[in-house]
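Peer 1: Below is one structure. I have some questions about it.
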Amino acid sequence: MDLKEKLLSSFLAFENQINIDSQVHDIRSEAIKLFEENGFPTKKEEAWKYTSLNNVLKHDYSVFPKQENALEYSDIKKYFIHDIDSYKIVFIDGKYSSYFSQTTHDGMDICLMSAALNKPKYRLIIENYFNKAATKDSLASLNTAFSNEGAYIHIPKNKLVEKPIQIIHFSTGNESALMLQPRNLIVVDENSHVQIIERHQSLTENPVLTNSVTEIFTNKRAIVDYYKVQNDHQNASLIDNTFIKQKRESHCSVHTFSFGGKLTRNNLNFYQHGERIDSTLKGITIIGGKQHVDHNTLVHHKEPNCESHQDYKGVFADNSIGVFNGKIIVDKEAQKTNAFQSNNNILIHDKSTINSKPQLEIFADDVKCSHGCTIGQLDENALFYLQSRGIPEKEAKALLMYAFSNNVLNSVKIPELKQRITKLIANKLGVNIGFNL
Amino acid sequence: MLKINNLHASVDGKSILKGVNLEVKAGEVHAIMGPNGSGKSTLASVIAGKEEYEVTKGDIFFDNKNIEDLSAEERAHKGVFLSFQYPVEIPGLSVTNFMKAAINETRKARGLEDMPAKDMLKMIRDKSELLEIDRKFLSRSLNEGFSGGEKKRNEIFQMAMLEPKLAILDETDSGLDIDALRIVANGVNKLKSKNNAVIVITHYQRLLDYIVPDFVHVIFNGKIVKSGGKELAHELEEKGYDWIKQEVNA
Numbered sequence: 193m194d195l196k197e198k199l200l201s202s203f204l205a206f207e208n209q210i211n212i213d214s215q216v217h218d219i220r221s222e223a224i225k226l227f228e229e230n231g232f233p234t235k236k237e238e239a240w241k242y243t244s245l246n247n248v249l250k251h252d253y254s255v256f257p258k259q260e261n262a263l264e265y266s267d268i269k270k271y272f273i274h275d276i277d278s279y280k281i282v283f284i285d286g287k288y289s290s291y292f293s294q295t296t297h298d299g300m301d302i303c304l305m306s307a308a309l310n311k312p313k314y315r316l317i318i319e320n321y322f323n324k325a326a327t328k329d330s331l332a333s334l335n336t337a338f339s340n341e342g343a344y345i346h347i348p349k350n351k352l353v354e355k356p357i358q359i360i361h362f363s364t365g366n367e368s369a370l371m372l373q374p375r376n377l378i379v380v381d382e383n384s385h386v387q388i389i390e391r392h393q394s395l396t397e398n399p400v401l402t403n404s405v406t407e408i409f410t411n412k413r414a415i416v417d418y419y420k421v422q423n424d425h426q427n428a429s430l431i432d433n434t435f436i437k438q439k440r441e442s443h444c445s446v447h448t449f450s451f452g453g454k455l456t457r458n459n460l461n462f463y464q465h466g467e468r469i470d471s472t473l474k475g476i477t478i479i480g481g482k483q484h485v486d487h488n489t490l491v492h493h494k495e496p497n498c499e500s501h502q503d504y505k506g507v508f509a510d511n512s513i514g515v516f517n518g519k520i521i522v523d524k525e526a527q528k529t530n531a532f533q534s535n536n537n538i539l540i541h542d543k544s545t546i547n548s549k550p551q552l553e554i555f556a557d558d559v560k561c562s563h564g565c566t567i568g569q570l571d572e573n574a575l576f577y578l579q580s581r582g583i584p585e586k587e588a589k590a591l592l593m594y595a596f597s598n599n600v601l602n603s604v605k606i607p608e609l610k611q612r613i614t615k616l617i618a619n620k621l622g623v624n625i626g627f628n629l
Numbered sequence: 049m050l051k052i053n054n055l056h057a058s059v060d061g062k063s064i065l066k067g068v069n070l071e072v073k074a075g076e077v078h079a080i081m082g083p084n085g086s087g088k089s090t091l092a093s094v095i096a097g098k099e100e101y102e103v104t105k106g107d108i109f110f111d112n113k114n115i116e117d118l119s120a121e122e123r124a125h126k127g128v129f130l131s132f133q134y135p136v137e138i139p140g141l142s143v144t145n146f147m148k149a150a151i152n153e154t155r156k157a158r159g160l161e162d163m164p165a166k167d168m169l170k171m172i173r174d175k176s177e178l179l180e181i182d183r184k185f186l187s188r189s190l191n192e193g194f195s196g197g198e199k200k201r202n203e204i205f206q207m208a209m210l211e212p213k214l215a216i217l218d219e220t221d222s223g224l225d226i227d228a229l230r231i232v233a234n235g236v237n238k239l240k241s242k243n244n245a246v247i248v249i250t251h252y253q254r255l256l257d258y259i260v261p262d263f264v265h266v267i268f269n270g271k272i273v274k275s276g277g278k279e280l281a282h283e284l285e286e287k288g289y290d291w292i293k294q295e296v297n298a
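Residue numbers (our numbering), protein chains in the order written: chain A, 193 to 629; chain B, 49 to 298.
Following this line, the structure appears as structure tokens:
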């Protein structure tokens, strides 16, 4: 039985476990139909031209892990940014772990999707926001069909959330292969500010496929800084579907750090509904071996006087493959838009590949839009310069790669996170120099 | 300290150095002069260990050891320093971080622990004062947007930090105004001791008024064709290089 059929039949079993007499379930039923019609995307589709899911879909994934799995904190501590106080929403094999989590209902809700979907006090938010930003493509639909668990964050107006929120999904490897479909909903009301760190971490070599959907709503003048740390095991794959709907004067930034994983696809979509909105999309990708990272971004400017900034850096070694597909749409009404996009890449070896494709669809006539893409190699003269100062070749190359991605790193607003990312980069490059010297 | 015997080197199959002999002892300052394209910068790069240059014949001894098979960083660890004619711009890497990495990697190679942060800061402060470098300058990206003078001053700052045995200054005077030239020369002079040596590569006499050489060599067509004392530099300044070329061709 292929994965599609397995999922379709699992949906019936899933319906036995949940409350099907709800508006949300109508949405789920609709979504499974869409998935049934469309199936998994193939390379025939323009948006998937450079990324094939075939290798990832071939495993016999369990869709519902059977047992509860306990973990020791000492085994997983290193995956948290543990040197800061934070809220935590932790899942183990898709199930919420109250033991490792630190949630709150004190003046705001930082809790669970399953609770939000079932308890009447959240009904209004669910009605107004759930599945209102996600698109109806097949992978997002698949997630919607099985949506039941994930993070639910609602920050009411005028609230500065002082501690960052960490959303972490662990997979234990107790299943020989596991598919996870977390569903996150984040609603940030007027003038509020929140920082979120998301991570998916499998603890063994067993294959894991995560198809995640996150919907983020930033209301008037809200600020959301979202960080995705993608440093998973070499047999874990991630399809991240993030949809962000911004209202006027809101700022939202998403930083994506992709160092690990087998196949990672980031579908990152920003929709601007209002004036003077700022959207920031930044990423550092450093991969090797047979890794594959695909950034598929969309910024849709619908109203005047807004900005968007995209800055993606990629370093590709060995046989790794990178894809950057960045689409900017500027509607006719969206005059005075400033939209910038830059994608810079370094290919370390002859067999590494990057496919970079900017797509600008501009219907307004008074806008500033720019895009730039570079593909190059490490500068030999710079390398000699560093080596002539006593820095060995490997460390010199690492420093050059670090320097290359430094401007993305510098816009990380949580110092401990920045330090951690720096360390992950050093580990990835196999060097032991403190970059944050 | 440095002994070069019959050195031949080529780049991309093109022969550039055609039999250079040079001996530099501790405590000495040597000037290497010569017209454009004579091989001055190539000689500097070959000593520093740039890989594109292939040594086809001859030897380079540093402290009585043949360094031909050593990488650029290994030569640096032994105390060879090259002040670049065109320092490379590296956006995203601050001068301070660059120096910390250079010093600690060099210490590691010498079997020492990392320099304590406090000592590092003090050293950076002292050496930047020596070269009249503004502290703000140290947090800027390496050479990015630096003026010609700032780049060269930064090179000598790095030399001050790394305390090499042998410093090769490749056209450090080019692009410097007179004030910057004075600061750079002053820095070099303060770092000079009986235990280290300096090779100054230049077109012009100007820098040699400040950094006074013990020996002056003229390189032409890949060979040192004339050597003398500091007065040779004055003679070249006055008469140009043509008479040397004629002597060689005669």
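Heads up, the beta-carbon is just placed ideally off N, CA and C, and yes, glycines get one too.
Go through the region 65-135 of chain B residue by residue and report every complete run of the alpha helix (DSSP H) that reaches 4 residues or more, in order.
Peer 2: Segments of the alpha helix (DSSP H) lying fully in the region 65-135 of chain B: 88-96, 120-126.
Peer 1: Run down chain A in chain order and give the residues with a C-beta less than 7 Å from the C-beta of A96 of chain B.
Peer 2: Neighbours of A96 of chain B on chain A, chain order: S580.
Peer 1: Distance, Cα to Cα, L160 of chain B vs G480 of chain A?
Peer 2: Each residue's Cα considered, the two are about 32 Å apart.
Peer 1: Give the DSSP-derived three-state secondary structure of F232 of chain A in the structure shown.
Peer 2: Coil.
Peer 1: Say whether chain A places a C-beta atom closer than 9 Å to the C-beta of T220 of chain B.
Peer 2: Closer than 9 Å: no.
Peer 1: Leaving out five residues on either side along the sequence, give the residues of the same chain with a beta carbon under 6 Å from the beta carbon of H493 of chain A.
Peer 2: Hits under 6 Å: Q464, V522, A526, T529.
Peer 1: Establish whether the CB of V136 of chain B and some CB of chain A are separated by less than 9 Å.
Peer 2: V136 of chain B counts as touching chain A.
Peer 1: Would you mind telling me which residues of chain B sit closer than 8 Å to Q462 of chain A, beta carbon to beta carbon, in chain order?
Peer 2: The residue you asked about is not Gln; residue 462 of chain A is Phe in the sequence shown. Residues of chain B passing the Cβ test: none, with the nearest at roughly 26 Å.
Peer 1: Any Cβ of chain B within less than 9 Å of the Cβ of N383 of chain A?
Peer 2: Output row for N383 of chain A: interface = no.
Peer 1: Can you round the beta-carbon distance between N423 of chain A and G452 of chain A to whole angstroms, since I take them to be within the 8 Å contact cut?
Peer 2: Going by Cβ atoms, the distance from N423 of chain A to G452 of chain A rounds to 4 Å, so yes, they are a contact pair.
Peer 1: Would D117 of chain B and K51 of chain B qualify as a contact pair, given that the criterion is a beta-carbon distance under 9 Å?
Peer 2: It is not a contact, given that the beta carbons lie outside the stated cut-off.
Peer 1: Name, in chain order, the residues that DSSP records as bridge partners for S189 of chain B.
Peer 2: BP columns for S189 of chain B point to B:S142.
Peer 1: Note down, in chain order, all residues in the region 199-214 of chain B with a beta-carbon under 8 Å from any beta-carbon belonging to chain A.
Peer 2: From the region 199-214 of chain B, only Q206, L210 have a Cβ closer than 8 Å to chain A.
Peer 1: For the alpha helix (DSSP H) that contains M593 of chain A, what are its first and last residues?
Peer 2: Start and end: 585-601.
Peer 1: Suppose you measure from the CA of Q294 of chain B to the CA of V236 of chain B; what does that come to, to the nearest Å?
Peer 2: Straight-line Cα distance between these residues: approximately 34 Å.
Peer 1: From which residue to which residue does the alpha helix (DSSP H) around P257 of chain A run?
Peer 2: Looking at the DSSP string, P257 of chain A is not in any alpha helix (DSSP H), and its letter there is neither H nor E.
Peer 1: Does the CB of N660 of chain A have a neighbour CB from chain B at under 9 Å?
Peer 2: Nothing about residue 660 of chain A can be reported from this structure: the residues present for chain A run from 193 to 629 only.
Peer 1: According to DSSP, is D227 of chain B part of a helix, a strand, or is it coil?
Peer 2: In the structure shown, D227 of chain B sits in a helix (DSSP, three-state: H, G or I).
Peer 1: Along the chain, where does the alpha helix (DSSP H) containing H282 of chain B start, and where does it finish?
Peer 2: From DSSP, the alpha helix (DSSP H) with H282 of chain B extends over 279-287.
Peer 1: Return the chain-ordered list of same chain residues with a C-beta closer than 7 Å to the C-beta of L552 of chain A, the five sequence neighbours on each side being excluded.
Peer 2: Correct list, in chain order: I520, C561, H563.
Peer 1: Put K505 of chain A into one of helix, strand or coil per three-state DSSP.
Peer 2: If DSSP states are grouped into helix, strand and coil, K505 of chain A belongs with the strands.
Peer 1: Please classify L316 of chain A: is it buried, with 16 or more other beta-carbons within 10 angstroms of its beta-carbon, or exposed?
Peer 2: Label assigned to L316 of chain A: exposed.
Peer 1: Bridge partners of I389 of chain A, per DSSP?
Peer 2: Paired residue(s): A:Q358, A:Y419.
Peer 1: Along chain B, in chain order, which residues have C-beta atoms closer than 7 Å to that of N335 of chain A?
Peer 2: Simply none; closest approach about 37 Å.
Peer 1: Are there 16 or more other CB atoms within 10 angstroms of the CB of S368 of chain A, so buried, or fewer, so exposed?
Peer 2: Exposed.
Peer 1: Reducing DSSP to helix, strand and coil, say where D470 of chain A ends up.
Peer 2: Strand at D470 of chain A.
Peer 1: Given a cut-off of 9 Å on the beta-carbon distance, is the pair Y242 of chain A and V507 of chain A in contact?
Peer 2: No.
Peer 1: So who's on the other strand from M371 of chain A, going by DSSP bridges?
Peer 2: The partner list for M371 of chain A (beta bridge, DSSP) reads A:L401.
Peer 1: If we define contact as Cβ-Cβ less than 9 Å, is L141 of chain B a contact residue for chain A?
Peer 2: Taking Cβ atoms only, chain A reaches closer than 9 Å to L141 of chain B, which makes this a yes.
Peer 1: Looking only at its own chain, which residues have a Cβ that is under 7 Å from the Cβ of G568 of chain A, when we skip the five neighbours before and after it?
Peer 2: These residues qualify, in order along the chain: I538.
Peer 1: Is the Cβ-Cβ distance between F227 of chain A and L263 of chain A less than 9 Å?
Peer 2: Contact flag unset, no.
Peer 1: Taking the CB atoms as reference points, tell me whether M163 of chain B and I181 of chain B lie closer together than 9 Å.
Peer 2: No, these two residues do not count as a Cβ contact at 9 Å.
Peer 1: When DSSP builds the beta bridges, which residues end up paired with N535 of chain A?
Peer 2: Paired residues: A:Y504, A:C565.
Peer 1: Residues of chain A with CB closer than 9 Å to the CB of L316 of chain B, please, in chain order.
Peer 2: The structure shown does not extend to residue 316 of chain B, since chain B is modelled only from 49 through 298, so no value can be given for it.
Peer 1: Determine contact between the region 196-213 of chain B and the region 228-243 of chain B, defined as no fewer than three beta-carbon pairs at a distance below 8 Å.
Peer 2: Verdict: yes, contact present.
Peer 1: Report all residues from its chain with a CB closer than 6 Å to the CB of P212 of chain B; omit the five preceding and five following residues, and keep chain order.
Peer 2: For P212 of chain B, where only same-chain residues beyond five positions count, the Cβ hits under 6 Å are G127, F129.
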